[in-house]
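Protein chains in written order, with my numbering: chain V, 170 to 390; chain X, 170 to 390.
Here a beta-carbon is modelled for each residue, glycine too, at the ideal position from N, C-alpha and C.
Comments concern the structure below.
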């Protein structure tokens, strides 16, 4: 690991466990927590792709709320404004994966440049990073909201280059989302897919350069 | 219904039942046909969105094959090149929904302009329309392949305007896919969502102008 290493981490599903919201969903809709959480995440991602393709950007906090509303309606549930707000706030209190903090610390000790790069708007990202105590380790917090184009658009990944001023292949991009890895690879980053649920590689002819099941191997190279 | 009416129909899921492929999947992978068919369709759509966002277009026949490969791998299945080819060919023999032909005939009798507009590349669309005997009713067969941008990009819907030379709101756009209706609405078409599986409206702030459970009400206005 050289002192010039640059690591760009995706946030949702990569550093933080998005399944944390299932517990809050379960509290309000017993027996349905996991199904709602899963559909919520699926629609959240789909809406970001659709808005990118339509050229109809709105901040990820709005996308996340829209996806929640669709998911609850799809299960024929009724809910109050208070419940909706509590579910939305669950996104500000996601749990870190158990190795995330250690890996960031270790890489920082080795003088790596550490970036988080997310579809999340700052109203979502900032409270999340703050409560998890990550800010001390991060050189850059980059949101696609600065350019109003979601991943996997090339313009979104370009934001990382503008922050670090390095050639693309020197950036190691880490995500648990196979589609995000494909987008980053298409852009020209070195990619490491954190394949936490042992999925097949996306059939997009853009395979990852490295594949791990957790972030831990990053500290062992 | 005026003689100037213009109807643009989506193909997969709107005129043709994409669940037709489940039977072929079931033949090769007993007990898994429906699950494979569902994941195959979901990945097919997702890959078209991703390629649109990444700017990495390939024809829909390639997207469809890639989505099939991912789906079979996700279920830890093994398959031969022959099986893959047979499954792919199932897309050229989808069943029409029971009302599709009658509705097209009826609208044609009323001198409407009838268009099919699809993400499908011509190597998929032409055999499908031919075997179903639809060509006699259609004034235009439009594929996004002509511009190499998938729906729901504005550039894709623009192809319809170029074919008919009419203002956007005079085109009635029909699709069973909520996301396609949102894209068409964002573009400025009059939209009718053929909500066959009684899903909630997509939370994209682009609701359909009309909503039906089949195409039949089009002949009753």
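Please list, in chain order, the chain X residues whose beta carbon lies closer than 7 Å to that of residue i.
i, result
"residue 314(V)", "What residue 314(V) touches in chain X: nothing, since even the nearest Cβ is about 16 Å away."
"residue 198(V)", "What residue 198(V) touches in chain X: nothing, since even the nearest Cβ is about 16 Å away."
"residue 371(V)", "239"
"residue 225(V)", "355"
Taking residue i as the reference, which of the options has the closest Cα?
i, options, result
"residue 175(X)", "378(X), 269(X), 385(X), 309(X)", "309(X)"
"residue 391(X)", "350(X), 192(X), 284(X), 380(X)", "This structure cannot settle anything about residue 391(X), because the visible part of chain X is limited to 170 through 390."
"residue 294(V)", "228(V), 278(V), 381(V), 339(V)", "228(V)"
"residue 332(X)", "216(X), 214(X), 313(X), 272(X)", "313(X)"
"residue 180(V)", "225(V), 237(V), 206(V), 290(V)", "290(V)"
"residue 320(X)", "382(X), 226(X), 340(X), 301(X)", "226(X)"
"residue 270(X)", "221(X), 235(X), 307(X)", "307(X)"
"residue 231(X)", "373(V), 388(V), 274(V)", "373(V)"
"residue 243(X)", "204(X), 286(X), 316(X), 353(X)", "204(X)"
"residue 196(X)", "324(X), 253(X), 272(X), 178(X)", "253(X)"
"residue 311(V)", "325(V), 302(V), 264(V)", "325(V)"
"residue 207(X)", "345(X), 188(X), 199(X)", "188(X)"
"residue 259(X)", "368(X), 190(X), 288(X)", "190(X)"
"residue 239(V)", "347(X), 200(X), 387(X)", "347(X)"
"residue 340(V)", "285(V), 300(V), 275(V), 257(V)", "285(V)"
"residue 186(X)", "267(X), 329(X), 237(X), 194(X)", "267(X)"
"residue 387(X)", "342(X), 356(X), 350(X), 349(X)", "342(X)"
"residue 256(X)", "368(X), 198(X), 329(X)", "198(X)"
"residue 210(V)", "222(V), 223(V), 233(V)", "233(V)"
Name the chain V residues whose beta carbon is nearer than 7 Å to that of residue i?
i, result
"residue 218(X)", "218, 219, 222"
Go ahead and label residue i buried or exposed: buried means 16 or more other beta carbons lie within 10 angstroms of its beta carbon, across all protein chains shown.
i, result
"residue 250(V)", "exposed"
"residue 212(V)", "buried"
"residue 283(X)", "buried"
"residue 246(V)", "exposed"
"residue 304(V)", "exposed"
"residue 279(V)", "exposed"
"residue 281(X)", "buried"
"residue 345(V)", "buried"
"residue 335(V)", "exposed"
"residue 371(V)", "buried"
"residue 235(V)", "buried"
"residue 264(V)", "exposed"
"residue 318(V)", "buried"
"residue 302(X)", "exposed"
"residue 224(V)", "exposed"
"residue 222(X)", "buried"
By the DSSP assignment, the alpha helix (DSSP H) with residue i in it spans what residues?
i, result
"residue 197(X)", "189 to 197"
"residue 362(V)", "Element bounds for residue 362(V): not the alpha helix (DSSP H) but the beta strand (DSSP E), 359 to 363."
"residue 215(X)", "202 to 223"
"residue 242(X)", "229 to 243"
"residue 319(X)", "Where residue 319(X) is concerned, there is no enclosing alpha helix (DSSP H), given that its DSSP letter is neither H nor E."
"residue 350(V)", "347 to 356"
"residue 294(X)", "291 to 301"
"residue 282(X)", "Counting along the chain, residue 282(X) falls outside any alpha helix (DSSP H), though it belongs to the beta strand (DSSP E) covering 282 to 287."
"residue 254(X)", "250 to 258"
Taking C-beta pairs closer than 8 Å, name the residues in chain X that residue i reaches, listed in chain order.
i, result
"residue 202(V)", "Under the 8 Å cutoff, chain X gives no residues; its nearest Cβ is about 19 Å from residue 202(V)."
"residue 368(V)", "243"
Starting from residue i, trace the beta strand (DSSP E) both ways and give me its first and last residue.
i, result
"residue 310(X)", "309 to 312"
"residue 270(X)", "That residue, residue 270(X), is in no beta strand (DSSP E); its alpha helix (DSSP H) goes 269 to 278."
"residue 341(X)", "340 to 344"
"residue 175(X)", "175 to 178"
"residue 368(X)", "First-last for residue 368(X): undefined, no H or E at that position."
"residue 380(X)", "379 to 381"
Cβ closer than 9 Å: which chain V residues qualify as neighbours of residue i?
i, result
"residue 235(X)", "371, 372, 373, 374"
In chain V, which residues lie with their C-beta within 8 Å of the C-beta of residue i?
i, result
"residue 348(X)", "215, 219"
"residue 351(X)", "219, 223"
What in chain X is Cβ-close to residue i, meaning under 9 Å?
i, result
"residue 322(V)", "222, 223, 224"
Quick one: is residue i near chain B, going by C-beta distance under 7 Å?
i, result
"residue 303(V)", "Here the protein chains are V and X, and chain B is not one of them."
Touching by the beta-carbon criterion (3+ pairs, under 8 Å), the stretch 373 to 385 of chain V and the stretch 351 to 365 of chain V: yes
Touch test, the stretch 381 to 390 of chain X against the stretch 215 to 222 of chain X, Cβ-Cβ under 8 Å, three pairs minimum: no
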